[in-house]
């Protein structure tokens with residue numbers, strides 16, 4: 006299971022436990038020409054953290070695939086244990102080298118929908134051993150039927166001219182509103198993490214955000230401001246906006262959305278600190294309920310030095326609030 010999918014299923018208390026303040030070490034200070042550098046130990050461990058995490062996720066995915074393959078067995082070559090995967094796989098160790106003795110194994114007898122015992126398999130990789138999961142677009146017919154029932158329940162005629170295609174349109178719109186479920190942090194980053202000797206604050210503010218209230222299935226929208234203090238690594242600026250898209254395009258509450266964005270930035274570049282402020286307008290309290298049209302909700306998450314150092318937090322808030 007991907008990191009982002011785990012976050013989307015966590016409660017607020019579980020997210021609090023998931024945040025490890027040791028991600029922002031201050032005890033082992035590394036001087037890079039400044040007396041007050043807050044970055045932790047050498048860049049070697051920092052450089053390999055994202056690689057190690059990607060490797061562990063790849064290994065986990067491979068292990069799950071191997072468990073389902075009847076024809077494949079795990080083999081061992083000396084001290085190196087290898088799992089036979091379903092597709093050609095580049096095995097990279099933590100130091101970035103390819104072991105000379107590791108070989109690539111490919112399936113000998115790939116199963117297809119014509120293989121005995123698999124005639125009823127609806128989804129299949131013809132050239133691989135595993136089954137292809139259904140895409141979200143495959144859910145459109147069932148979703149459209151549900152919207153049609155909803156229209157009928159409201160007393161409308163789903164067959165009248167103005168509504169005849171509404172169920173399909175609404176289903177497609179809902180898939181777009183929740184497209185974040187199909188996105189992962191690794192896919193969005195796409196390698197845009199760069200080594201850079203920069204330890205000053207980076208702030209991207211007023212990122213437009215649109216989401217869906219999970220309590221009433223009505224929109225809430227607003228803006229997100231993100232700041233972080235790099236430790237030898239910086240993130241492509243557009244990736245901050247894409248991280249916002251991953252978690253806002255889901256059924257959400259603003260409090261959880263704020264924390265998920267902060268945790269994702271932490272996972273991406275392991276900075277000395279992360280700060281996120283979200284300001285939102287919720288249609289569930291504007292067009293229904295108390296109907297307070299001028300109300301806004303502001304949430305924040307401060308991690309690392311932004312939580313521990315009042316001056317750093319004040320600097321971020323001044324930058325966010327400046328015009």
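Numbering (my numbering), first residue to last: 6 to 328. Glycine included, C-beta positions come from ideal geometry on N, C-alpha and C.
Which residues mark the beginning and the end of the alpha helix (DSSP H) in which residue i is found?
i, result
"residue 5", "No statement about residue 5 is possible, as the shown extent of the chain runs from 6 to 328 and does not include it."
"residue 245", "242-253"
"residue 193", "190-194"
What do you get for residue i, buried or exposed, if any count of 16 or more other CB atoms within 10 angstroms of its CB means buried?
i, result
"residue 237", "buried"
"residue 41", "Note that residue 41 scores a pLDDT of 46, beneath 50, so its modelled location is shaky; the value from the coordinates is reported in the next line. Residue 41 is exposed by the Cβ-count criterion."
"residue 169", "exposed"
"residue 298", "exposed"
"residue 253", "buried"
"residue 3", "Nothing about residue 3 can be read from this structure; the chain reaches only from 6 to 328."
"residue 193", "buried"
"residue 172", "buried"
"residue 174", "exposed"
"residue 165", "exposed"
"residue 227", "buried"
"residue 242", "exposed"
"residue 159", "exposed"
"residue 190", "buried"
"residue 153", "buried"
"residue 276", "buried"
What is the DSSP secondary structure of residue i, counted as helix, strand or coil?
i, result
"residue 172", "helix"
"residue 306", "strand"
"residue 231", "strand"
"residue 312", "helix"
"residue 324", "helix"
"residue 177", "helix"
"residue 161", "coil"
"residue 70", "Its pLDDT being 49, under 50, residue 70 is placed unreliably in this model, and the value from its coordinates should be taken loosely. Residue state, collapsed to three classes: helix."
"residue 285", "strand"
"residue 102", "Caution is warranted here: a pLDDT of 43 is assigned to residue 102, below 50, making its placement in the model unreliable, and no coordinate value can be reported."
"residue 238", "strand"
"residue 319", "helix"
Taking C-alpha atoms, which residue in the options lies nearest to residue i?
i, options, result
"residue 188", "288, 199, 233, 269", "269"
"residue 317", "207, 185, 149, 191", "207"
"residue 245", "274, 322, 182, 286", "274"
"residue 324", "216, 233, 174", "233"
"residue 249", "212, 171, 279", "212"
"residue 267", "258, 306, 260, 254", "306"
"residue 326", "300, 283, 191", "283"
"residue 176", "251, 149, 196", "149"
"residue 217", "280, 265, 256", "256"
"residue 272", "308, 259, 254, 295", "308"
"residue 247", "278, 260, 215", "215"
"residue 259", "225, 163, 294", "225"
"residue 140", "159, 184, 197, 203", "184"
"residue 321", "302, 281, 303", "281"
"residue 303", "262, 296, 192", "262"
"residue 181", "300, 142, 194", "142"
"residue 315", "296, 301, 278, 264", "278"
"residue 229", "241, 144, 265", "265"
"residue 239", "186, 157, 200", "200"
"residue 209", "197, 231, 235, 144", "231"
"residue 203", "163, 147, 235", "235"
"residue 179", "195, 147, 162", "147"
Starting from residue i, trace the beta strand (DSSP E) in both directions and tell me its first and last residue.
i, result
"residue 148", "That residue, residue 148, is in no beta strand (DSSP E); its alpha helix (DSSP H) goes 145-158."
"residue 277", "No beta strand (DSSP E) contains residue 277, which DSSP labels as neither H nor E."
"residue 213", "207-218"
"residue 200", "198-200"
Measuring only from the beta carbon, is residue i closer than 7 Å to any heavy atom that is part of the ligand PLP?
i, result
"residue 159", "No copy of the ligand PLP occurs in the structure displayed, which carries no ligand at all."
**Message:** Across the stretch 209-224 and the stretch 282-298, are there enough close Cβ pairs to call them in contact, namely three or more that are closer than 8 Å?
**Reply:** yes
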